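Heads up: the sequence lines are chains U and F, in that order.
The first sequence: position 7 = 8 (my numbering), numbered continuously.
The second sequence: position 11 = 16 (my numbering), numbered continuously.
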Amino acid sequence: GQQLNQSPQSMFIQEGEDVSMNCTSSSIFNTWLWYKQDPGEGPVLLIALYKAGELTSNGRLTAQFGITRKDSFLNISASIPSDVGIYFCAGRYTGNQFYFGTGTSLTVIP
Amino acid sequence: GAVVSQHPSRVICKSGTSVKIECRSLDFQATTMFWYRQFPKKSLMLMATSNEGSKATYEQGVEKDKFLINHASLTLSTLTVTSAHPEDSSFYICSARRGGGPSWEQYFGPGTRLTVT
């Protein structure tokens with residue numbers, strides 16, 4: 002299946018700092034999702050985007066659907082220790098199938 | 006609401022045996038369920054999509070005779086890894102899409118760690 006490229010692959014930041022990560026694809030998508038996965042658990046949905054250019058917030062999280070429909074960005078403001086985990090983007094063109102990004106591992110140092 | 010469970014959470018089996026993993030939607034009817042495979046520190050790779058009452062659709066490169074999927078009811082899908090080998094060791098995660106819900110909405114189970122010795 003398709004795979005999306007996420008960057009950075011990993012991040013080590015101080016508590017209170019802002020975080021930015023992005024996801025790019027060679028294919029156009031109609032829906033972008035952002036998930037967080039804790040070790041040994043399934044992913045949990047953070048934000049869903051379904052219109053090019055859309056900017057959506059969920060608390061300290063903000064995500065944008067790129068105008069080209071080939072990328073998406075996730076920002077986390079004022080990070081806290083519980084933000085630690087792996088963040089995945091996922092894209093869908095049509096139908097039910099989603100394809101996941103390579104993941105960004107976030108470590109927050111208290 | 007929208008809870009998805011998987012059973013077992015961990016399983017160790019011997020090479021050559023078969024293992025069945027269950028995925029259940031506990032408080033909603035799932036018209037579509039998805040099976041993913043995840044290697045350590047890697048992304049989720051979609052293996053197959055199963056719709057209740059019909060054959061699963063497998064992604065390119067996934068052996069349908071190796072990974073048998075049955076979606077017998079609106080709340081249960083099973084993945085059977087047949088004649089397992091050590092290279093099948095992985096974290097298997099299912100997700101379920103609620104009937105009538107948004108097309109993008111899927112809820113993930115907690116995953117099953119399979120180790121083949």
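Don't be surprised by glycine CBs; every beta carbon is placed ideally from N, CA and C.
Predicted, not measured: the structure shown is a model, and the values here were computed from it.
**OP:** Could you name the residues of chain F that T103 of chain U contacts, counting a contact when the two beta carbons are closer than 7 Å?
**Re:** As a first step, residue 103 of chain U must be located in the first sequence, where it is residue number 102. Near T103 of chain U (Cβ distances below 7 Å), the residues of chain F are S48.
**OP:** For S14 of chain F, name the three-state secondary structure that DSSP assigns.
**Re:** In the second sequence, residue 14 of chain F corresponds to position 9, counting from 1. Note: S14 of chain F maps to coil in three-state DSSP.
**OP:** Going by CA-CA distance only, name the one from F:P107, F:S95, F:C99 that's closest to G96 of chain U.
**Re:** For this step, residue 96 of chain U is matched to residue 95 along the first sequence. Checking every option, the nearest Cα to that of G96 of chain U belongs to F:P107.
Subject >> N- and C-terminal bounds of the beta strand (DSSP E) containing S73 of chain U >> reply: As a first step, residue 73 of chain U is located in the first sequence; it is residue number 72 there, counting from the start. Element bounds for S73 of chain U: 72 to 77.
Subject >> Beta carbon of T120 of chain F nearer than 7 Å to that of S94 of chain F >> reply: Taking the second sequence and counting its residues from 1, the one referred to as residue 120 of chain F is at position 115. Taking the second sequence and counting its residues from 1, the one referred to as residue 94 of chain F is at position 89. Cβ atoms of T120 of chain F and S94 of chain F: closer than 7 Å.
Original post:
Hey, quick one: how far does the beta strand (DSSP E) through G66 of chain F stretch, first residue to last?
Top reply: Sequence index remark: in the second sequence, residue 66 of chain F carries index 61 (1-based). Premise fails: G66 of chain F is in no beta strand (DSSP E) and is neither H nor E.
**OP:** Could you tell me whether any Cβ in chain F is nearer than 7 Å to the Cβ of E55 of chain U?
**Re:** As a working note, residue 55 of chain U is residue 54 in the first sequence. Chain F contact via Cβ: absent.
Subject >> Three or more C-beta pairs below 8 Å linking the segment 10 to 17 of chain U and the segment 62 to 73 of chain F >> reply: no
Original post:
Under 9 Å Cβ-Cβ, which residues of chain F neighbour Q98 of chain U?
Top reply: Numbered from its first residue, the first sequence carries residue 98 of chain U at position 97. Those within 9 Å of Q98 of chain U in chain F are F39, L51, T54, T62, E64.
Original post:
Would DSSP call S8 of chain U helix, strand or coil?
Top reply: Locating residue 8 of chain U in the first sequence gives position 7, counting from the first residue. Strand, per DSSP.
Original post:
Are the CB atoms of L79 of chain F and Q34 of chain F nearer to each other than 7 Å?
Top reply: Locating residue 79 of chain F in the second sequence gives position 74, where the first residue counts as 1. Locating residue 34 of chain F in the second sequence gives position 29, where the first residue counts as 1. A contact, by the Cβ cut-off of 7 Å.
**OP:** Classify A64 of chain U as buried or exposed, calling it buried when 16 or more other Cβ atoms lie within 10 Å of its own Cβ.
**Re:** In the first sequence, residue 64 of chain U corresponds to position 63, counting from 1. Counting Cβ neighbours within 10 Å, A64 of chain U comes out buried, since at least 16 surround it.
Original post:
Could one say the Cβ of F44 of chain F lies closer than 7 Å to chain U's Cβ atoms, at least one of them?
Top reply: Residue mapping note: residue 44 of chain F aligns to position 39 of the second sequence, counting from 1. Chain U, which has no Cβ nearer than 7 Å to the Cβ of F44 of chain F, makes this no.
**OP:** Identify, in the order they occur along the chain, each residue of the same chain with its Cβ nearer than 7 Å to the Cβ of T62 of chain F, setting aside the five sequence neighbours on each side.
**Re:** Walking along the second sequence from the start, residue 62 of chain F turns up at place 57. For T62 of chain F, where only same-chain residues beyond five positions count, the Cβ hits under 7 Å are A53, T54.
**OP:** Select from F:E64, F:T36, F:G21 the residue whose C-alpha is nearest the C-alpha of C28 of chain F.
**Re:** Numbered from 1 along the second sequence, position 23 holds the residue referred to as residue 28 of chain F. Taking only the C-alpha atoms, the option nearest C28 of chain F is F:T36.
Subject >> chain U contact residues for P13 of chain F, given Cβ-Cβ distances below 8 Å >> reply: As a first step, residue 13 of chain F is located in the second sequence; it is residue number 8 there, counting from the start. Those do not exist, as P13 of chain F stays about 13 Å from chain U at its closest Cβ, beyond 8 Å.
Original post:
With 7 Å set as the bound, which would you pick, yes or no: does the beta-carbon of E16 of chain U sit closer than that to a beta-carbon of chain F?
Top reply: Walking along the first sequence from the start, residue 16 of chain U turns up at place 15. It does not: the Cβ of E16 of chain U has no partner Cβ on chain F nearer than 7 Å.
Original post:
Should G67 of chain U go down as buried or exposed, given a rule of 16 or more other Cβ atoms within 10 Å for buried?
Top reply: Position 66 of the first sequence holds residue 67 of chain U. Flag for G67 of chain U reads buried.
**OP:** Report yes if the C-beta distance between A53 of chain U and R70 of chain U is below 7 Å; otherwise report no.
**Re:** Taking the first residue of the first sequence as 1, we reach residue 53 of chain U at position 52. Taking the first residue of the first sequence as 1, we reach residue 70 of chain U at position 69. Yes; because the gap between Cβ atoms is below 7 Å, this pair is in contact.
Original post:
Mind checking whether W35 of chain U and L47 of chain U have CB atoms under 7 Å apart?
Top reply: Here residue 35 of chain U is taken as the residue at index 34 of the first sequence, counted from 1. Here residue 47 of chain U is taken as the residue at index 46 of the first sequence, counted from 1. Their beta carbons are under 7 Å apart, which means W35 of chain U touches L47 of chain U by this criterion.
Original post:
Can you name the residues of chain U whose CB is closer than 7 Å to the CB of P115 of chain F?
Top reply: Counting from 1 along the second sequence, the entry for residue 115 of chain F is found at position 110. What P115 of chain F touches in chain U: E42, G43.
**OP:** Would you list the one or two residues that DSSP bridges to W35 of chain U?
**Re:** Taking the first sequence and counting its residues from 1, one reaches residue 35 of chain U at position 34. According to DSSP, W35 of chain U bridges with U:I48, U:C90.
**OP:** Confirm, please, whether the CB-CB distance from K37 of chain U to Y88 of chain U is below 7 Å.
**Re:** Within the first sequence, the letter at position 87 stands for residue 88 of chain U. Within the first sequence, the letter at position 36 stands for residue 37 of chain U. Cβ distance < 7 Å, so Y88 of chain U and K37 of chain U count as in contact.
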